[in-house]
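Worksheet: the structure to be examined is printed underneath.
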Amino acid sequence: MNSDFVPLKQHTNALEIIQNTSNQQIIILLGKSGSGKSFLLKQLTKTSRTFLFSEPFFDEINFLNTLGSVILNKQTSSLQDFISFAKNSKEHYLILLDEAGMYEEALLEKIRILSDFKNFVFILSTHKIHKIFEKEHFKSRIGNIIVLNELSKEELSFYINTKFQLKKPFVDKELKLLQKISLNNLRTIDQILHTFIALYAYYEKQKLEKSSKFLLELCALHHNLRL
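Quick note: the sequence shown uses this note's numbering, first residue 367, plus one each step.
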């Protein structure tokens, strides 16, 4: 099994767009839960001066303090400290914010203000469009909205074959079943496949042949997923 990032076409396209963000202020990464947003953000951390915040911030003071500790080397809730830094620095930072759909409007306003200084590019990962994103003063700062769609059957097959390298690749009806029970959620797909591989190895050791459909149904029961 290969645990590395799987280069699905829509994900690599998204990475290419994000990696060419020097003249953009805010980019929205939009997709349902399990569409691969977090995978993409982790890939971006390999570049220099990039900071990923996986857990949501629920107030602006905590956000500014945390951001200040990694960029200014001090905790500060003063927006003026960031403005002074931006005016006197030529460094550029990529700030990756997962679960941004949970942010309060006041916090998003702070992000908008900071994005006006070209030192900071913000990637906001969310499964929904926040109301403030539609307001003209915020919309004008959004350079791109990247949408991650559900995996097609072909993409799912490529993902499984690349990451898990099953002894017996899934056929069309098995892929459809996996899509149904996982709801095309990549995290759920990974959980199912880990269990599938363990079950396959168990039955193989017992010299009992079970169909992939049967094993997938067992996986669904094990993870309390609807068939």
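For every residue, glycine included, the Cβ atom is placed at its ideal position computed from N, Cα and C.
Which class does residue i belong to by DSSP, given the choice of helix, strand or coil?
{"i": "residue 435", "result": "helix"}
{"i": "residue 382", "result": "helix"}
{"i": "residue 450", "result": "helix"}
{"i": "residue 508", "result": "strand"}
{"i": "residue 486", "result": "strand"}
{"i": "residue 594", "result": "Outside the displayed range of the chain (367 to 593) lies residue 594, so it cannot be described from this structure."}
{"i": "residue 416", "result": "strand"}
{"i": "residue 549", "result": "coil"}
{"i": "residue 368", "result": "Interpretation of residue 368 is limited by its pLDDT of 49, a score under 50 that renders its predicted location unreliable; the figure taken from the coordinates is listed afterwards. Correct three-state label for residue 368: coil."}
Residues in the same chain with beta-carbon distance under 8 Å from residue i, minus the five sequence neighbours each way, listed in chain order, please.
{"i": "residue 509", "result": "387, 389, 390, 391, 392, 393"}
{"i": "residue 374", "result": "402, 517, 521, 524, 525"}
{"i": "residue 459", "result": "415, 416, 417, 437, 485, 486, 487"}
{"i": "residue 527", "result": "535"}
{"i": "residue 378", "result": "none"}
Am I right that residue i and residue j are in contact with their C-beta atoms under 8 Å? What's the rounded C-beta distance?
{"i": "residue 381", "j": "residue 419", "result": "19 Å between Cβ atoms; not a contact."}
{"i": "residue 396", "j": "residue 461", "result": "With 8 Å as the limit, residue 396 and residue 461 do not qualify as a contact, their Cβ atoms being about 17 Å apart."}
{"i": "residue 557", "j": "residue 519", "result": "That belief does not hold up - the Cβ atoms of residue 557 and residue 519 are roughly 20 Å apart, past 8 Å."}
{"i": "residue 471", "j": "residue 511", "result": "18 Å between Cβ atoms; not a contact."}
{"i": "residue 431", "j": "residue 452", "result": "Contact flag wrong, Cβ pair sits at about 17 Å."}
{"i": "residue 586", "j": "residue 547", "result": "4 Å"}
{"i": "residue 489", "j": "residue 384", "result": "6 Å"}
{"i": "residue 543", "j": "residue 579", "result": "6 Å"}
{"i": "residue 426", "j": "residue 476", "result": "5 Å"}
{"i": "residue 566", "j": "residue 581", "result": "6 Å"}
Please classify residue i: is it buried, with 16 or more other beta-carbons within 10 angstroms of its beta-carbon, or exposed?
{"i": "residue 574", "result": "exposed"}
{"i": "residue 478", "result": "buried"}
{"i": "residue 513", "result": "exposed"}
{"i": "residue 560", "result": "exposed"}
{"i": "residue 504", "result": "buried"}
{"i": "residue 492", "result": "buried"}
{"i": "residue 551", "result": "buried"}
{"i": "residue 441", "result": "exposed"}
{"i": "residue 466", "result": "buried"}
Using a Cβ-Cβ cut-off of 6 Å (strictly less than) and excluding sequence neighbours within five positions of residue i, which residues of its own chain qualify?
{"i": "residue 569", "result": "576"}
{"i": "residue 429", "result": "423, 473"}
{"i": "residue 411", "result": "418"}
Can you give me the Cβ contacts of residue i inside the same chain, cut-off strictly under 7 Å, excluding the 5 residues immediately before and after it?
{"i": "residue 371", "result": "405, 409"}
{"i": "residue 583", "result": "593"}
{"i": "residue 481", "result": "391, 392, 488, 507"}
{"i": "residue 590", "result": "none"}
{"i": "residue 447", "result": "434, 438"}
Tell me where the alpha helix (DSSP H) around residue i begins and ends.
{"i": "residue 396", "result": "No alpha helix (DSSP H) holds residue 396; the beta strand (DSSP E) holding it covers 392–397."}
Under DSSP, the beta strand (DSSP E) around residue i begins and ends at which residues?
{"i": "residue 463", "result": "459–463"}
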